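Notes for the one structure printed next.
Residue numbers (mature numbering (1 follows the signal peptide of the UniProt record, and there is no 0)): -23 to -1, 1 to 239.
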């Protein structure tokens, strides 16, 4: 019995040591399913613009990465508590967020959008009076819809954990429109004629990687993003996912400083 117990304990220690040896250097939170930023391919592997970006940064810093599927609204407490080292998911830099987290320099400029089913009869925000709009919980689209609900007369705002369930409800007629980041929606509907983007909503957003407040890693990653812009790697990743070179003067090509709270 004693020998068996000793062997069992040694096996457990060996297993823990192996797990520690195989653990990734960085744990990265991401709302997997957020096309084209981070989603699963047919084999179940995480792919996307931000997956490529983080993996390139990690390679240049000699680190390994593990992506952890996390609902968008859960990314903020996860990074603040240290459960993850950083977070991506087309996260917009805002003054409010900068009070409690840090960001590296932005790498993508974006706006919001209104999408609908092709059969809805909705051609823009002006047609949404008395209608139900869907948003992603805690997103800038959620904030925009809440701030403008009286202006456009939304009868209800329904909140979702990601793009796919919202699109399914819109196709089924359970919501009349969906407000979310325009690049993700355009990518999603490009091969779905039953869905369409009907209006761009200018918001002037910029995406970046999020870290715990004042985390030293944020500045280190920021330096690598500068190098990726300067040597054209970031532009190449952009072209892989969007099919065209990024425009001059955008956050994808211009070296910028780290965002700081005012």
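Quick reminder that beta carbons are idealized off the backbone N, C-alpha and C, glycines included.
Values in this document were obtained by computation on a predicted structure and should not be read as measured data.
Query	Result
Could you check if residue 193 is buried or exposed, using at least 16 other CB atoms within 10 Å of its CB as the buried criterion?	exposed
What's the gap between the Cα of residue 75 and the Cα of residue 148?	36 angstroms
Could you name the residues that DSSP lists as bridge partners for residue 7?	46, 65
Let me check one thing: in DSSP terms, what residues is residue 82 bridge-paired to?	For residue 82, which the question treats as bridged, DSSP gives no partner whatsoever.
In the DSSP assignment, what residue or residues form a beta bridge with residue 151?	Answer is none; residue 151 lacks a bridge partner.
Among residues of its own chain, excluding the 5 on either side of residue 57, which ones have a beta-carbon nearer than 8 angstroms to its beta-carbon?	77, 78, 189, 190
Taking just the CA atoms, how far does residue 88 sit from residue 233?	19 angstroms
Report whether the distance from the Cβ of residue 206 to the nearest heavy atom of the ligand NAP is below 7 angstroms.	Only the bare structure without any ligand can be found here, which leaves the ligand NAP out of the picture.
Any chance you could list the alpha helix (DSSP H) runs of at least 4 consecutive residues sitting entirely within the stretch 74 to 132, in chain order?	117 to 129
Per DSSP, what are the beta-bridge partners of residue 239 in this structure?	Bridge partners of residue 239: none, in fact.
In its own chain, which residues sit with a C-beta less than 6 angstroms from the C-beta of residue 155, not counting the 5 before and 5 after it?	92, 111, 143, 147
I'd like to know if the stretch 1 to 15 and the stretch 64 to 73 are in contact, where contact means that at least 3 CB-CB pairs between them fall below 8 angstroms.	yes
Express the C-alpha separation of residue 36 and residue 43 in angstroms, rounding to a whole number.	13 angstroms
My assumption, with CB atoms under 8 angstroms, is that residue 116 sits in contact with residue 90. Please give the rounded CB distance.	Contact flag wrong, Cβ pair sits at about 12 angstroms.
Using C-beta distances below 7 angstroms, list every residue in its chain close to residue 199, excluding the 5 sequence neighbours before and after it, in chain order.	81, 82, 235
Could you check what DSSP says for residue 211 in three-state terms: helix, strand or coil?	helix
Could you tell me which of 220, 106, 3 sits nearest to residue 167, measuring between CA atoms?	220
To which residues of the same chain is residue 153 closer than 8 angstroms at the C-beta, ignoring the five residues directly before and after it?	93, 97, 99, 105, 108, 109, 110, 147
Look up residue 232 in the DSSP assignment and say whether it is helix, strand or coil.	coil
Would you call residue 139 buried or exposed, if buried means 16 or more other Cβ atoms sit within 10 Å of its Cβ?	buried
Taking 8 angstroms as the threshold (C-beta atoms), are residue 84 and residue 211 in contact?	yes
In its own chain, which residues sit with a C-beta less than 6 angstroms from the C-beta of residue 217, not counting the 5 before and 5 after it?	none
Based on the DSSP secondary-structure assignment, which residues constitute the bridge partners of residue 17?	23
Going by Cα to Cα distance, which pick from 18, 95, 13, 45 is closest to residue 26?	13
Which runs of the beta strand (DSSP E) spanning at least 3 residues fall entirely within the stretch 163 to 204, listed in chain order?	172 to 189
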